[in-house]
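>
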Amino acid sequence: MKIYFKSLIILFTIIFTSCTDVIDVDVPTSEPRLVIEATIEWEKGTTGNEQLIKLSTSVPYFSSTTNNIVTGASVKITNDADDTEFVFIDQNDGNYINSSFIPVLNEAYTLEVINDGETYIAHETFVPVVDIAEITQTREDGFDSDVLEVNVLFDDPEDEENFYFLKFQKEGDILPELFDISDEFTNGNQMTIFYEREEDEDINQEEFEVGDVVDIEFYGVSEPFYNYIRLLIEQYESVGDPFSTTPVALRGNCTNPSNPDYYAFGYFRLTEVVKANYTFE
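In structure tokens form, the structure reads like this:
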């Protein structure tokens, strides 16, 4: 009996071993690119003089590399109207800081980054944002009438084209929820943006409850950035959808004039922002 049992073990071992094939998949890779995180934010009620730009390099999807910061680069922003230059000082950790930046709404600025002999340029206008008129909570404006949602109300200016970007983040969450908004069909009206959370065990998400706190950031943005972030949000939300289109690398506005194919990832934007938080009652 012991011999028979031992023989079965050997037989199954042979079967499973012979049926196991090692498949090597060649994952496409590309040369690392510079990644420029240049979001210049002017929070209402502050001077806006403290600004930060982050530089890093792209890494392959399956890479375990964590030290991809870029140091030793030259970084500056110029106000195109009066040629005032704001030099960002290397902190030797991928961060570049300027403590004397002067934000001027509706004026054009140019970003210049020089790294490894390559010069990257980006142009953008400092975009203002209206105030938040009111923040409320209801159960009526969302997809589920039994679920709490937070509502942000604001008055869109008349006779001008506006684009907005909102971040909602429940305190304790790792990532925010992003919204891109255009006033194409609501120009000059009061607009309401709601954010609700439905229970989802797959991502460990629960509905809002009394006492939950939501941090809100409300930005005015340019049309090019609106188009960029809209595509980025669409790609993010389609992850796991077998019927979605294949994601592609999104090009921001950081160009390389002398070597156009070697552009940088990331985006240079200047935006006024209103920050608030809401506690559910």
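With the UniProt record's numbering as the guide, the letters of the sequence shown map in order to residues 1 to 281. Note that the Cβ used here is the ideal one computed from N, Cα and C, for glycine as well. The structure presented is a predicted model; accordingly, all values stated were derived computationally and were not measured.
1. What does a CB cutoff of less than 8 Å around Gly240 pick up in its chain, not counting 5 residues either side in sequence?
2. Only counting the same chain, and skipping five residues up and downstream in sequence, which positions put a Cβ closer than 6 Å to that of Gln169?
3. Residue range of the beta strand (DSSP E) that Leu178 falls in?
4. Across the stretch 69 to 84 and the stretch 36 to 56, are there enough close Cβ pairs to call them in contact, namely three or more that are closer than 8 Å?
5. Relative to the C-alpha of Asp155, which residue among Tyr164, Val147, Glu149 and Leu148 is closest?
6. Let me make sure I understand the geometry here. Which of Glu124, Phe218 and Glu160 has the alpha-carbon closest to that of Asp180?
7. Under a three-way DSSP split, which group does Asp261 fall into?
8. Quick one: Cα of Gly220 to Cα of Tyr109, how far?
9. Tell me, please, whether the stretch 88 to 106 touches the stretch 190 to 201 by the rule of three or more beta-carbon pairs shorter than 8 Å.
10. Quick one, which of Val130, Val70, Arg33 and Thr39 has its alpha-carbon nearest Val59's?
11. Give me the Cβ distance between Gly188 and Glu161, rounded to the nearest whole Å; I'm assuming they're in contact under 8 Å.
12. Measure the C-alpha to C-alpha separation of Gly117 and Val150 and round it to an integer number of angstroms.
13. Ignoring anything shorter than 3 residues, give me the beta strand (DSSP E) runs that lie fully in the stretch 25 to 105, in order along the chain.
14. Is Ala122 buried or exposed, if buried means 16 or more other CB atoms sit within 10 Å of its CB?
15. Considering only their Cβ atoms, is the gap separating Asp83 from Gly72 smaller than 9 Å?
16. Could you have a look at Ser145 and say whether DSSP puts it in helix, strand or coil?
17. Opposite Asp155 in the DSSP bridges: which residues?
18. Can you grab the Cα-Cα spacing for the pair Leu111 / Glu171, in whole Å?
19. So what does residue 325 bridge to, in DSSP terms?
20. Can you name, in chain order, every residue of its own chain whose Cβ lies under 8 Å from the Cβ of Arg139, other than the five neighbours on each side?
21. Between Arg251, Gln190 and Phe208, which has its C-alpha nearest Tyr228's C-alpha?
22. Near Asn259, which residues of its chain fall below 8 Å by C-beta distance, leaving aside the five closest residues on each side in sequence?
23. Please classify Glu234: does DSSP put it in a helix, a strand, or coil?
24. Starting from the C-beta of Pro128, find all residues in its chain whose C-beta is less than 6 Å away, skip the five residues before and the five after it, and write them out in chain order.
25. Would you kindly work out how many angstroms separate the C-alpha atoms of Glu234 and Leu178, rounded to a whole number?
26. Going by other Cβ atoms of all chains shown within 10 Å of its Cβ, with 16 needed for buried, is Asp253 buried or exposed?
27. Is the beta carbon of Asp212 sitting closer than 9 Å to the one on Phe280?
According to the structure shown:
1. With a pLDDT of 49 at Gly240, under the threshold of 50, the modelled position of this residue cannot be trusted, and the question is left open.
2. Pro176 and Asp215
3. Glu177 to Ser182
4. yes
5. Tyr164
6. Phe218
7. helix
8. 16 Å
9. In short, these stretches do not touch, since the Cβ pair count stays below three.
10. Arg33
11. Incorrect: roughly 11 Å between the Cβ atoms, too far for contact.
12. 49 Å
13. 34 to 43, 51 to 57, 74 to 79, 85 to 90 and 95 to 98
14. So Ala122 ends up on the buried side.
15. Not closer than 9 Å, so no.
16. coil
17. As a beta-bridge residue in DSSP terms, Asp155 pairs with Gln190.
18. 33 Å
19. This structure cannot settle anything about residue 325, because the visible part of the chain is limited to 1 through 281.
20. Spatial neighbours of Arg139 in its own chain (CB-CB distance under 8 Å, excluding positions within 5 residues in sequence) are listed in chain order as Ser145, Asp146, Val147, Leu148 and Glu149.
21. Arg251
22. Glu118
23. helix
24. Leu105, Gly220 and Glu272
25. 10 Å
26. The sequence shown places Asn at residue 253, rather than the Asp named in the question. Classification for Asn253: buried.
27. Yes.
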